[in-house]
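For the sequence shown, the residue numbers in numbering that gives the first Met the number 0 are 0 to 333.
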Amino acid sequence: MDKPILEVKELKTHFLTDNGSVPAVDGIDFHLNDGEVLGIVGESGSGKSVTSLSIMQLVGQPGKIVDGEILFDGEDLVKASEKRMRQVRGGKIGMIFQEPMTSLNPVYKIGNQLVEALRIHKKMSKDAARKRAIEIMKLVGLPRAEDLMNDYPHQLSGGMRQRVMIAMAMICEPKILIADEPTTALDVTIQAQILDLMKKLNHELNTSIIMITHDLGVVSEVCDRIAVMYAGRIVEEGETKSLLRNPQHPYTKGLVESIPDVRYKKERLYSIPGNVPTPGSVKKGCPFAARCAFAFDKCSEDSPILIDLGDNHRVRCLLHEEENGAELLQTSMK
């Protein structure tokens, strides 16, 4: 897992409004290695979903990629034509969207939607495509696959629809699968089944996966590395076990401390005070400064840069430029 299949460099995605350009994604850098599972985590409004839509070139008006590169196997998707992107979507990069009911066409049968992808990308005959569709539905654990081919989306439960979405995303055997909150609104049993399925696809088909979520429990289960996003930027990135055990950014520390721990009885779970700032509202300084317990004068004036800590660990925090700053963060860990 040492060869990047996807590299995102200085990506900036803005939304054009009556009040000017609003930066939803504000210059992010990350890579995805071949066969790796990368988790992108953060609160709602941090830019996770816009990042995934930017990769797929599905931002839509009034959004626009204003700068940066998205290199897929060396090809810059930012410069790709719409015709080329139609070949990439589904065929090379699959995506599981956040809400399956709004992503599946309600007036087309499940089977027709699966077969269509194979007919377009793989040029299969109708019979061969139907056979493959039934195979992939069985692979994702759907019962009565032959019967479900004739069902409409509204006839399926939430967990079954999510499995259909995974089947649709995987049916052309893409090199990359982007999963945007794949377990949202599912009960814990179905969540566990979906996560086990994604690990199985990663191991058996060597599919590289980008898992987008706000749930650190999910990424700890399936991800090799984590990138933590806040206010349109990556504030920390590192290998999963190392980052969760030893977070180096106050925001990541807050996310880790807010995870319920059955070993300790608490009257109240920890929560980070305040909210993610509106995109573009912080003109200078660190966007997290207003919510940070470790903020000092410099934080409201200077914008932090990503600092390489070694061992594939990077952090965007001014504490690491101060003497004893990082030690102060660690001594306060629970």
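Don't be surprised by glycine CBs; every beta carbon is placed ideally from N, CA and C.
Same chain only: Cβ atoms within 6 Å of residue i, ignoring 5 sequence neighbours per side
| i | result |
| --- | --- |
| tyrosine 250 | Tyr229, Val234, Phe287 |
| serine 48 | Asp179 |
| asparagine 18 | none |
| valine 87 | none |
| glycine 26 | Glu9, Lys11 |
| leucine 103 | Pro152 |
For residue i: DSSP bridge partner residues
| i | result |
| --- | --- |
| serine 20 | Leu15 |
| tyrosine 229 | Arg232 |
| isoleucine 39 | Ile211, Ala226 |
| leucine 176 | Gly93, Ile208 |
| isoleucine 165 | In the DSSP output, where bridge partners are listed per residue, isoleucine 165 has none listed. |
| isoleucine 376 | Here the chain covers residues 0 to 333 and nothing more, so residue 376 does not appear. |
| histidine 319 | Its beta-bridge partners do not exist; DSSP assigns none. |
| aspartate 310 | Note: aspartate 310 sits in no beta bridge, so no partner. |
| valine 7 | Phe29, Ile69 |
| aspartate 75 | Leu70 |
Range of the contiguous beta strand (DSSP E) that encloses residue i
| i | result |
| --- | --- |
| threonine 212 | 207 to 212 |
| methionine 197 | Not the beta strand (DSSP E): methionine 197 falls in the alpha helix (DSSP H), residues 187 to 204. |
| aspartate 146 | Per DSSP, aspartate 146 belongs to no beta strand (DSSP E); it is in the alpha helix (DSSP H), 144 to 147. |
Residue i versus the options, residue with shortest Cα-Cα distance
| i | options | result |
| --- | --- | --- |
| glutamine 97 | Gly157, Asn111, Ile119 | Gly157 |
| alanine 336 | Ile95, Leu196, Leu117 | Here the chain covers residues 0 to 333 and nothing more, so residue 336 does not appear. |
| lysine 297 | Leu305, Lys283, Gly309 | Lys283 |
| isoleucine 119 | Ile258, Pro303, Gly89, Asp307 | Gly89 |
| arginine 313 | Ile4, His30, Leu5 | His30 |
| lysine 2 | Leu70, Met84, Thr12, Met55 | Leu70 |
| tyrosine 269 | Ile193, Leu215, Ser257 | Ser257 |
| arginine 160 | Phe295, Leu308, Gly67, Pro99 | Pro99 |
| threonine 212 | Val187, Val40, Thr16, Ile4 | Val40 |
| leucine 176 | Met123, Glu236, Glu68, Leu200 | Leu200 |
| phenylalanine 295 | Ser280, Asp214, Glu320 | Glu320 |
| arginine 83 | Met55, Ser207, Arg129, Arg232 | Met55 |
8 Å CB neighbourhood of residue i in its chain, flanking five on each side removed
| i | result |
| --- | --- |
| isoleucine 135 | Leu113, Ala166, Met169, Ile170 |
| threonine 239 | Gly38, Val218, Ser219, Cys222, Asp223, Arg224, Ile225 |
| methionine 0 | With a pLDDT of only 48 at methionine 0, under the threshold of 50, the placement of this residue in the model should not be trusted; the figure read from the coordinates follows. Contacts found: Asn32, Asp33, Gly34, Glu35, Asp223. |
Cβ neighbours of residue i in the same chain (closer than 7 Å, five flanking residues each side left out)
| i | result |
| --- | --- |
| threonine 183 | Gln97 |
| alanine 139 | First, the amino acid is wrong: residue 139 is valine here, not alanine. So the list reads Arg162, Ile165, Ala166, Leu196, once near-sequence residues are dropped. |
| glutamine 154 | none |
| phenylalanine 14 | Val21, Ala23, Pro61, Gly62 |
| isoleucine 193 | Gln161, Pro181, Thr182, Leu185 |
| arginine 290 | Ile271, Pro272, Gly273 |
| isoleucine 133 | Ala144, Glu145, Met148 |
| phenylalanine 293 | Pro249, Leu318, Leu327, Leu328 |
Residue i Cβ short of 7 Å to the ligand COA heavy atom set
| i | result |
| --- | --- |
| proline 276 | Here there are no bound small molecules, and the ligand COA is not part of this structure. |
Endpoints, alpha helix (DSSP H) assigned at residue i
| i | result |
| --- | --- |
| arginine 129 | 125 to 138 |
| alanine 116 | 109 to 120 |
| glutamine 86 | 81 to 87 |
Original post:
Do the region 266 to 280 and the region 33 to 46 meet, that is, are 3 or more Cβ pairs less than 8 Å apart?
Top reply: Enough Cβ pairs lie closer than 8 Å, so yes.
Subject >> the region 73 to 88 contacting the region 137 to 152, beta-carbon criterion three pairs below 8 Å >> reply: Output reads no: the region 137 to 152 does not touch the region 73 to 88.
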